[in-house]
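Remarks on the structure that follows.
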Amino acid sequence: MSFKLITLVVIVLGALAVAQLVRLYEHSSKLRNRREEDIPNRDNKLNANMMLGFMILLFGGFIWLMLKYGYTGRGVAASEHGVTTDWLLNINFILIVTVFFLTNFLLYFFAFKYVRKPGVKAYYYPHNNKLELIWTVVPAIVLAFIIILGLKTWNEVTDEAKKEAVRVELFSEQFKWTARYAGKDNKLGYFDYKLTTDKNQLALLTTATLDSAIRLMEIGSHDGSIMGIKLLEEKLNDPKNIFIPKDRVKMETDLDRKTRLLRLLYQMRSRHNSKVDAYAYDDVIETDTLHLVKNQDYEFNFRAKDVIHSAYFPHFRVQVNTVPGLTTRFKFKPTISTKEMREKMNNPNFNYVIMCNKICGGAHYKMKMIVVVDTPAQYKAWMASKKTFKETFLTVAEASPADAPAATDTLVAVK
Ligand SMILES: [Cu+2]
36 MSFKLITLVV IVLGALAVAQ LVRLYEHSSK LRNRREEDIP NRDNKLNANM
86 MLGFMILLFG GFIWLMLKYG YTGRGVAASE HGVTTDWLLN INFILIVTVF
136 FLTNFLLYFF AFKYVRKPGV KAYYYPHNNK LELIWTVVPA IVLAFIIILG
186 LKTWNEVTDE AKKEAVRVEL FSEQFKWTAR YAGKDNKLGY FDYKLTTDKN
236 QLALLTTATL DSAIRLMEIG SHDGSIMGIK LLEEKLNDPK NIFIPKDRVK
286 METDLDRKTR LLRLLYQMRS RHNSKVDAYA YDDVIETDTL HLVKNQDYEF
336 NFRAKDVIHS AYFPHFRVQV NTVPGLTTRF KFKPTISTKE MREKMNNPNF
386 NYVIMCNKIC GGAHYKMKMI VVVDTPAQYK AWMASKKTFK ETFLTVAEAS
436 PADAPAATDT LVAVK
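Under this note's numbering, the residues of the sequence shown are numbered 36 to 450, in order.
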């Protein structure tokens, strides 16, 4: 017999058994000369006492869980606004817990106190304006208080960053974070996704990166992994080459895509103002650890390359979605250095982290970057060891001819 059939038989037999029990109860009531809706006093008393028992269980369990696990479990907030939002959350918890105890106490206690007693008729009490007013006005005032406080805090937290706030970009992709510091001018260089190449993963916009992207489309990469338009055309037009239709379609599509991209790149190149190169050239790109300075204001700009990610700094109480094609922002000020936090937590291995908080793919769980909050001196020393984008990009470009700026004659020829 199949499992389903057995289940069905058990259900049917169970229903029959319940029906039989009900009939039995009816008969026994008749025998005891009692109407079936009459409930003996003893049963009522037992139920009333059980109400008190449930209340003690509920409150006891709640208090035990609170004490055992704490009610947020997120530790000390390490940013300025984090302290404010934690405070707001605490106020909400206090209100909710108070109402929880009050209403549940009334619910269980009244059920206990007003148990049916023989000979006592219930008092008919259909309406009371004063009571109605109290339980409408009091919650309304409390809710207004919560909403106004919440809005005020929200506006402060999401307000624009100060002018002197240090600009940092966090670039997210499956499955890593890349930080870009705005450099000496505190201005993040412009970017355009069309400029994404191996050597310019963040697609920064400068004369050199434009030329390099154009060059890549025209003559391909020097290691041959990306075929340029010229080679593609030659291959497709050479009568000696015989392709199977699938390969030919693939190559033609590739050629078409690259030609369109090249046209857009030339348009960008002709409009490009080389004055903005400086914004990008002094930027510092860091893939390993995000270094911040204690008590320094920051404005974070978030970008995503592929899918939606979420930048989550649990200790700084920051969480922002990172969306392809859209820059999201958040300002905050770290207030506890890594060293101080290690002492506070009595854990010499503690590190702040930034994690991805959106299931963004197979290795989502690994998308994490360590954050270190330094003193200004430590930060200065660390930053001094870093190369600017100009230093890294131009060195690479010189080393590999494919990334070097395109010659002027090719520019004219394709235009
Ligand atoms: Cu992610």
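Glycine included, every Cβ here is placed at the ideal spot set by N, Cα and C.
Computed from a predicted structure; not experimentally measured.
A distance of 9 Å or more separates the beta carbons of residue 385 and residue 367. With contact defined as three or more Cβ pairs closer than 8 Å, the stretch 149-165 and the stretch 118-129 are not in contact. Three or more beta-carbon pairs separated by less than 8 Å are not found between the stretch 215-233 and the stretch 148-155, which leaves the two stretches without contact. Segment contact: the stretch 245-258 against the stretch 281-298, three or more CB-CB distances shorter than 8 Å; contact assigned. Residue 246 carries a helical assignment under DSSP once its states are collapsed to helix, strand and coil. Under the 8 Å Cβ criterion, the stretch 313-323 does not count as touching the stretch 59-77, having fewer than three qualifying pairs. Residue pairing by DSSP puts residue 344 in a beta bridge opposite 357. The three-state reading of DSSP puts residue 326 in strand, counting E and B together. Contact fails between the stretch 298-311 and the stretch 373-390, because fewer than three Cβ pairs, one in each stretch, are under 8 Å apart. Counting other Cβ atoms within 10 Å of its Cβ, residue 336 reaches 16 or more and is therefore classed as buried. Judged by DSSP in its simplified three-state form, residue 289 adopts helix.
For the pair residue 138 and residue 213, the Cα-to-Cα distance works out to about 50 Å. A distance below 6 Å between beta-carbons, with the five flanking residues on each side excluded, links residue 358 to the following residues of its chain, in chain order: 339 and 343. Remark: the shortest separation between the CB of residue 210 and any heavy atom of ligand 1 falls under 8 Å. Proximity of the stretch 83-95 to the stretch 130-144 meets the contact definition, three or more beta-carbon pairs being nearer than 8 Å. The beta carbons of residue 409 and residue 328 sit about 6 Å from each other, so the pair counts as a contact at 8 Å. A Cβ-Cβ distance of about 5 Å is found for the pair residue 334 and residue 202, placing them in contact under the 8 Å criterion. For residue 418, the enclosing alpha helix (DSSP H) covers residues 411-419. A Cβ closer than 5 Å to some heavy atom of ligand 1 marks a residue here, and those residues are 344, 391, 395 and 402. Beta-bridge pairing by DSSP links residue 189 to no other residue. For residue 376, the three-state secondary structure derived from DSSP is helix. Between residue 267 and residue 290 a beta carbon distance of about 5 Å is seen, short of the 8 Å cut, so the two are scored as contacting.
Under a 10 Å Cβ-count criterion, residue 259 is classified as exposed, with fewer than 16 other Cβ atoms of the shown protein chains found around its own Cβ. Under the DSSP definition of a beta bridge, residue 119 lacks any partner. DSSP places residue 371 outside both helix and strand once states are collapsed to three, so it counts as coil.
Taking a contact as a CB-CB distance under 8 Å, the pair residue 383 and residue 113 does not count as one, their CB atoms being some 17 Å apart.
Around the beta carbon of residue 326, a 10 Å sphere encloses 16 or more other beta carbons of the protein chains shown; the residue is thus reported as buried. Between residue 285 and residue 246, the alpha-carbon positions lie close to 26 Å from each other.
In the DSSP assignment, residue 223 falls outside any alpha helix (DSSP H) and carries neither an H nor an E.
Residue range 38-66 is occupied by the alpha helix (DSSP H) that includes residue 66.
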